[in-house]
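First the structure, in the form of structure tokens, and then the observations on it.
Number of protein chains: 2
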Amino acid sequence: MHPETNLQSTSYKPISPAIIEQLQAIVGQKFVIYDDEEKLEPYSHDEVVGKKWAHLPDAVVKPRTAEEIAAIMQLANRERIPVTPRGAGSGLSGGAVPIYGGILLSLERMDKILEIDKQNMVIVVEPGVITNDINNQLATDGLFFAGYPMSVESCFIGGNVAENAGGGRAVKYGVTGRYIIGLEVVTPEGEIMQLGGKRVKDVVGYDLIHLMVGSEGTLGIFTKIYIKLLPLPAKKVDLLVLFPDIVAAIAIVPQIITYGKIIPTAIEFMDATAVELACRYLNEHFHSKKIGAMLLIEIDGNDEDQLEHEYEIIGNMCLEKGAIEVYVADNHTTQERVWALRRNVPEGIQAFYPAKSSEDLVVPIANIPVLLPQIADLAKKYDLVIPCFGHAGDGNIHSTLAKKPEMPMDKWQEIQEQVRLELYQMTLALGGTISGEHGIGNKRKQYLKMALDPTSIEIMKRIKAAFDPQRILNPGKIFE
Amino acid sequence: MHPETNLQSTSYKPISPAIIEQLQAIVGQKFVIYDDEEKLEPYSHDEVVGKKWAHLPDAVVKPRTAEEIAAIMQLANRERIPVTPRGAGSGLSGGAVPIYGGILLSLERMDKILEIDKQNMVIVVEPGVITNDINNQLATDGLFFAGYPMSVESCFIGGNVAENAGGGRAVKYGVTGRYIIGLEVVTPEGEIMQLGGKRVKDVVGYDLIHLMVGSEGTLGIFTKIYIKLLPLPAKKVDLLVLFPDIVAAIAIVPQIITYGKIIPTAIEFMDATAVELACRYLNEHFHSKKIGAMLLIEIDGNDEDQLEHEYEIIGNMCLEKGAIEVYVADNHTTQERVWALRRNVPEGIQAFYPAKSSEDLVVPIANIPVLLPQIADLAKKYDLVIPCFGHAGDGNIHSTLAKKPEMPMDKWQEIQEQVRLELYQMTLALGGTISGEHGIGNKRKQYLKMALDPTSIEIMKRIKAAFDPQRILNPGKIFE
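Top to bottom, those sequences are chains A and B. Take the first sequence: its position 278, counting from 1, is numbered 278 in the working numbering, and each next residue is one higher. Count along the second sequence from 1, add 1000, and you get the number used in the working numbering.
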């Protein structure tokens, strides 16, 4: 094949006092942090657990405008300084960690909702807006943004776009990228680029918008995001369904869609361990003792009778296929309670198994029941706990590799890579891949070769080089 | 700014008898056409009217497999021969015309439906499958592909993906790209690349799938297409609504979605001229004499009562806003009749105004009522007929510049470019762009600079160069 594109820069320059002065001149003195380990530390990691994944930046810079970011990137290009963009730091692949030091570009000050255009059903926001605030702001307008990452209360919309966040409503509404119809982007070379806008269709040139979506901060920095909104459904109903085992639970998923002809907003699942840990963490209790798996199914719509009709179909389907119990949550308080259970699975795992690695497997939906028993075998083989939960309706399984308390830390460190390798192999063999929504970042880059063919990787590297000839924007991510 | 990437090849080689022999060795003697103008002619144009847009290929090659295409591309790379891929030739921007001669790569023999996977709700097809055949094949399975280009009975699915075809159902279902979850692609250098598959989520590396979608055959040749299916709604209802004028008609569109909370499958519109020409062409008649505009609104769903409720809301909204009449089409025959009216607008125009240029403007929906009177003024200024019709729910307007019979052909040729320029200027000034679904191809490339900033164009050119270092795949398209 053609020669391999090299993305390593041989010579990043350290940040000199002169460069600090230039950065201060661009954003203002108080928005540059340097030489202060305590203040730099919070910017050295994301939500990936383990010191091995952390790295201190040399300086944190907090711009307020696209023009300031363009000036920073031009400076970084001239001086060959690595720049790592960062949103809320709630990522799960090390994407916002400045592994080569240099400048950490925090978007926390770019937190304005710029425009709500009801007529066109578009909201224009800066990247540092907390995702949840978008829908809070829109509630009275009868509109909503359909993205719903599980970290919705803390994550930034810019990070959602950079990772193409999925989350809890993707079965019906798709992932973040579906709603992004325009972007203002600062390129790695420090140019400001306008892509799309308020129009819903656009085939002029290549689709750079969706190339930027999910590019993990390696191709450009978003400074304005145009989001297509939907009319807010008047009502939603959640079903919490207990099953004796995971296979019975998952088997119901394609049935609901194909035979029931209902596309739920969400079909979330938790295996027995995930349920148990979340319950323990939240001090929740279920009467039934023999929960092997739990599904959380949400439907929404405008017509109450229609919704009732649909949840009866789904409930009956579940009971016919062996469900132990179906709870219906049709008011806000109960709905919050059942979703809190699902959202707090990671916290539950973290509380009782702090040494863990969150995985983000995805397989064709019909293969979930094949994969899960294989994961159970893997847990036995390596004497681990591997709770599985996630987005059943999308085939997206967050299986979390967790060390039992009695396993020595050395042993855990030693086996982790091998376990991940086997886990990825079995996922790929089923037509799946190694990340459905968390991204590759730093954590998974060594496994990229397993998931993509050499031609795809080479093309991606050439694209990276096309955007970033000096390799200064978020270096060391995605590619080895 | 950074130096401009040059996409011109200085030295395409002509096709020698030795190369013909090599092509015959790859695909078989009977699948290479050369030296026969009559047989080459059908491959010299698409649906863009005018000899100026046509060009004969030196040879037409009809491969059957990805491996054959890879071998052709490797040969073309070695010998520097331009290769233009072609589906059904139903495009509207000259994208499949071999403007530098060379090899015309026809995908007509790659016409197999490879797999229908009901459990995962995915169909795998070759690029030469006629789009309509996909849903015909799926009808008994209760599934469907939601793409619906107006040329559905003749176009190939490969062309739909290459152009990111929109069409008549995009309001609710989005455009073609939303359903493409996997592609097998032969790169311009002759490598076979596997992107995605049957999984619905995937954030491993850059989203090459959606970079390929809409790339107009300039970045690679699709050899397998994985399409996500939806459950086929049990019922649909069409409303044909007559309005006294276009502004009243268009004003209803955001109302239905925002206040009615109904997302119709389609909201198509036709202005008075478009209606009149289609009616004349089909020999259809309406009682009402004063039709200023017509909307065709389709809703679908599984619950008959719910649908009835929805179409009553929509119908009443229309009547309140001044509609003259609302016809309800709730059976297949009547629905076919109203859609035939809409689909035959271009044929109607073509029949009575053969000298024409089909445009494909798109604006934010709320700006349609601003743009349409400006277009009417433009028609007056240049003494043209400009019927407007298209996808109101997407802001996508097919305004067709048409020469009146009495205007001399010279004059028409002379003013056309200027009219298009003014039309594009007014569209861009309203936050719109110059193509919503037909593409840039050859026809609109000189206007690309108006619609995109220089940085975006430069990045796109670098991407083209990253895929196609020798500039042999579909040269002369999109970029000047």
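Heads up, the beta-carbon is just placed ideally off N, CA and C, and yes, glycines get one too. Only a predicted model underlies this, so the values are computations on that prediction, with no experimental measurement involved.
Taking a Cβ distance cut-off of 7 Å, strictly less, list which residues of the stretch 197-220 of chain A are near chain B, in chain order.
Listed in sequence order: GLY197, LYS198, ARG199, VAL200, LYS201, ASP202, VAL203, VAL204, GLY205, TYR206, ASP207, LEU208, HIS210, LEU211, VAL213, GLY214 and SER215.
List the DSSP bridge partners of PHE1031 of chain B.
BP columns for PHE1031 of chain B are empty, so no partner.
Which ranges would you report for the alpha helix (DSSP H) in the stretch 220-288 of chain A if only whole runs of at least 4 residues count?
Complete alpha helix (DSSP H) runs here, min 4: 246-258 and 272-282.
May I have the straight-line CA-CA distance separating GLN413 of chain A from PRO369 of chain A, to the nearest angstrom?
When rounded, the distance between both Cα atoms is 29 Å.
Is it buried or exposed, SER44 of chain A, if we count other Cβ atoms within 10 angstroms and call 16 or more buried?
The residue in question, SER44 of chain A, is buried, as its Cβ has 16 or more Cβ neighbours within 10 Å.
Grab the span of the alpha helix (DSSP H) containing LYS1464 of chain B for me, first residue to last.
Looking at the DSSP string, the run of the alpha helix (DSSP H) that includes LYS1464 of chain B is 1454-1467.
Around the Cβ of LEU421 of chain A, are there at least 16 other Cβ atoms within 10 angstroms (buried) or fewer (exposed)?
Classification of LEU421 of chain A: exposed, given that the 10 Å Cβ count is below 16.
Which partner residues does ASN136 of chain A have in the DSSP bridge list?
Its beta-bridge partners do not exist; DSSP assigns none.
Going by the CB atoms, is the gap between ALA451 of chain A and LEU428 of chain A shorter than 8 Å?
In this structure, ALA451 of chain A lies closer than 8 Å to LEU428 of chain A by Cβ.
Per DSSP, what kind of secondary structure is ARG1343 of chain B in: helix, strand or coil?
ARG1343 of chain B falls in the helix class under three-state DSSP.
Taking Cβ-Cβ distances shorter than 8 Å, what residues in chain A pair up with LEU1195 of chain B?
Near LEU1195 of chain B (Cβ distances below 8 Å), the residues of chain A are SER456.
Listing by chain order, which chain B residues have their CB less than 9 Å from the CB of ALA392 of chain A?
By Cβ distance, chain B contributes nothing, its closest Cβ being about 12 Å from ALA392 of chain A, past 9 Å.
What residues match up with HIS398 of chain A in a beta bridge as DSSP calls it?
A:PHE389.
Would you mind telling me which residues of chain A sit closer than 8 Å to PRO1373 of chain B, beta carbon to beta carbon, in chain order?
Here the premise fails: no neighbours, minimum Cβ distance about 18 Å.
Identify every run of the beta strand (DSSP E) within the stretch 299-342 of chain A, keeping only runs that are complete inside it and at least 3 residues long; order them along the chain.
Counting whole runs of 3 or more residues, the stretch 299-342 of chain A contains the beta strand (DSSP E) stretches 325-329.
Count the other CB atoms within 10 Å of the CB of GLU1458 of chain B; is the residue buried (16 or more) or exposed (fewer)?
It is buried - the Cβ of GLU1458 of chain B has at least 16 other Cβ atoms within 10 Å.
Is the shortest distance between the beta-carbon of ALA170 of chain A and the beta-carbons of chain B less than 8 Å?
Yes, contact with chain B.
So what does THR84 of chain A bridge to, in DSSP terms?
In the DSSP output, where bridge partners are listed per residue, THR84 of chain A has A:LEU104.
8 Å is my cut-off, CB to CB: does MET460 of chain A come that close to chain B?
Yes, because at least one Cβ of chain B sits closer than 8 Å to the Cβ of MET460 of chain A.
What residue does the alpha helix (DSSP H) around LYS380 of chain A start on, and which one ends it?
Taken as a continuous stretch (DSSP letters only), the alpha helix (DSSP H) holding LYS380 of chain A covers 368-382.
For a cutoff of 8 Å on Cβ pairs, would you count VAL345 of chain A as touching chain B?
Closer than 8 Å: no.
Grab the span of the beta strand (DSSP E) containing LEU1194 of chain B for me, first residue to last.
For the record, residue 1194 of chain B in the displayed sequence is Gln; it is not Leu. Taken as a continuous stretch (DSSP letters only), the beta strand (DSSP E) holding GLN1194 of chain B covers 1192-1196.
Do GLY941 of chain B and ASP1245 of chain B have their CB atoms nearer than 8 Å?
There is no way to answer for residue 941 of chain B, as the model of chain B reaches only from 1001 to 1480.
Run the CB neighbour count on GLY476 of chain A, radius 10 Å, all protein chains shown included, and call it buried at 16 or more, exposed below.
Under this definition GLY476 of chain A is a buried residue.
Tell me which residue opens and which closes the alpha helix (DSSP H) that GLU1038 of chain B is part of.
From DSSP, the alpha helix (DSSP H) with GLU1038 of chain B extends over 1037-1040.
Closer than 8 Å is the cut-off here; do at least three beta carbon pairs connect the stretch 1303-1322 of chain B with the stretch 1173-1191 of chain B?
They do not touch, by the three-pair rule.
Is DSSP giving ASP141 of chain A helix, strand or coil here?
It is helical.
Are the stretch 1327-1346 of chain B and the stretch 1267-1286 of chain B in contact at 8 Å, needing three or more beta carbon pairs?
Flag = yes, the stretch 1327-1346 of chain B and the stretch 1267-1286 of chain B touch.
Between the C-alpha atoms of VAL275 of chain A and ILE386 of chain A, what's the straight-line distance to the nearest angstrom?
If you take the alpha carbons of VAL275 of chain A and ILE386 of chain A, they lie about 12 Å apart.
My output table needs one value for ILE26 of chain A: the three-state DSSP class, helix, strand or coil.
DSSP places ILE26 of chain A in helix when its eight states are reduced to three.
Within 8 Å (strictly less), CB to CB, does LYS443 of chain A reach chain B?
So no, LYS443 of chain A is outside the interface.
Do we get a CB-CB distance below 8 Å when we pair LYS118 of chain A with the residues of chain B?
So, interface residue.
Have a look at LYS224 of chain A and THR1084 of chain B and give me their C-alpha separation to the nearest angstrom.
Rounded to the nearest angstrom, the two C-alpha atoms are 37 Å apart.
State yes or no: is the beta carbon of MET1121 of chain B nearer than 8 Å to at least one beta carbon in chain A?
Yes, MET1121 of chain B counts as interfacial toward chain A.
Using only CA atoms, which one of A:MET317, A:ILE250, A:ALA248 and A:LYS261 lies nearest to GLY1235 of chain B?
Sequence inspection shows Lys at residue 1235 of chain B; the Gly mentioned does not correspond to that position. Ranking A:MET317, A:ILE250, A:ALA248 and A:LYS261 by Cα distance to LYS1235 of chain B puts A:LYS261 first.
Run the CB neighbour count on SER1456 of chain B, radius 10 Å, all protein chains shown included, and call it buried at 16 or more, exposed below.
The residue is buried, with at least 16 neighbouring Cβ atoms inside 10 Å.
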